[in-house]
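Residue numbers (full-length UniProt numbering): 1 to 335.
Below is the structure:
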């Protein structure tokens with residue numbers, strides 16, 4: 001849990017938050033577009049493993065730059081059971097599900113499913129952890145899920161892209177994979193808050209991403225043929241992890257310190273729109289029609305209802321994620 005509220009964390013002037021917000025949204029959108037391109041030419045699990053490895057390297061370097069982080073990294077590494085569980089939920093299962101799903105239904109649909117993370121987290125909290133519920137949150141969750149399902153069906157029938165051309169079986173399979181990955185990431189948020197509440201995310205992430213790298217790497221070595229992966233694809237995977245994913249983790253946590261997890265979660269609602277427009281601009285999908293745009297707006301509105309309306313006292317404990325990352329994170333940024 002992020003509890004550091006030092007002046008350094010809050011300083012920097014009035015333009016810091018807008019600049020970080022725009023940068024995080026842009027990185028998330030470009031990351032989804034690049035991931036969608038990469039899984040067309042490389043096995044999704046190889047993309048997941050390479051992305052996690054590159055993120056691990058960058059985040060570890062950042063953590064080791066600061067003496068306090070170095071001591072906390074050692075503390076996190078000593079918690080082997082917690083690290084393994086978090087790595088499985090937040091990296092192995094999440095990235096496997098979302099990237100395999102991207103191969104079936106395309107990045108924009110998977111991105112929209114991932115944007116349901118606050119809604120899924122809310123449902124898990126109510127059912128498994130007895131979190132308080134409100135009519136507004138229930139209505140928002142139902143609206144977001146229905147609109148996301150409608151969007152997937154409407155856009156699949158209207159588009160020409162890779163995801164659009166898939167049959168109903170592929171649509172269901174890809175949707176379930178992405179939904180399963182998002183579900184495990186929602187559980188990850190609760191587990192992270194309970195197992196690592198005394199450590200800053202940048203100190204806990206090296207151990208967790210390192211364990212995730214080992215899990216995904218072993219899976220790829222044992223089960224995934226890599227002979228057809230080109231050097232360009234490996235370069236793209238490295239860029240996805242080091243240049244796009246790792247910074248999202250760090251920026252999202254900085255925004256959580258400055259503005260809170262609800263604000264950071266809300267930023268991710270812009271990402272599906274940008275990804276969908278980006279796929280159209282790149283020729284991967286047809287232009288979005290009025291119905292598709294309406295369903296995107298309804299889904300965003302539903303998620304907003306779910307994450308909105310929190311009392312100030314509820315915000316502090318939620319410092320775990322936003323990933324979009326998107327990922328530790330109140331990385332509801334969903335990377």
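Note that beta-carbon positions come from the ideal geometry of N, C-alpha and C, so glycine has one too.
What you are looking at is a predicted structure, and each value in this text was computed from that prediction instead of being measured.
In the DSSP assignment, residue 34 falls within the alpha helix (DSSP H) that extends over 16-41. A distance below 9 Å separates the beta carbons of residue 107 and residue 279.
From the listed residues 55, 221, 65, 170, the smallest Cα separation to residue 105 is found for 170.
Going by C-alpha positions, residue 244 is about 33 Å away from residue 131.
Under the three-pair Cβ rule at 8 Å, the region 88-99 counts as touching the region 170-182.
Two segments are said to touch when three or more pairs of C-beta atoms, one from each, lie closer than 8 Å; by this definition the region 27-38 touches the region 222-242. Taking one beta carbon from each stretch, the region 132-150 and the region 288-301 have 3 or more pairs nearer than 8 Å; the two touch. Under the three-state reduction of DSSP, residue 130 is assigned to coil, being neither helix nor strand. The C-alpha of residue 206 is placed about 14 Å away from the C-alpha of residue 192. For residue 155, the closest of 190, 17, 62, 287 by C-alpha to C-alpha distance is 287.
The alpha-carbon of residue 44 is positioned some 7 Å away from that of residue 103. Distance from the CA atom of residue 90 to the CA atom of residue 285, rounded to whole angstroms, is 29 Å. Inter-residue distance for residue 33 and residue 269 is about 16 Å (C-alpha atoms, whole angstroms).
Apart from sequence neighbours up to five positions away, the residues of its chain that approach residue 298 with a beta-carbon distance below 7 Å are 143, 147, ordered along the chain. Using a 10 angstroms sphere on the CB of residue 139, the tally of other CB atoms stays under 16, which defines it as exposed.
Proximity to residue 247 across 59, 212, 122, 109 peaks at 59, based on C-alpha coordinates. By the CB criterion at 9 Å, residue 49 and residue 213 fall inside the cutoff.
Exclusion of the five residues before and after residue 275 leaves 29, 32, 33, 107, 108, 111 as the residues of its chain whose Cβ lies within less than 7 Å of its Cβ.
When the alpha-carbon of residue 71 is set against those of 209, 202, 229, the nearest one is in 202. Taken through DSSP and simplified to helix, strand or coil, residue 200 comes out as coil. Taking the C-beta atoms as reference points, residue 17 is found nearer than 9 Å to residue 255. In the structure shown, the three-state DSSP call for residue 194 is helix. With a contact defined as Cβ atoms closer than 8 Å, residue 242 and residue 57 qualify at about 7 Å.
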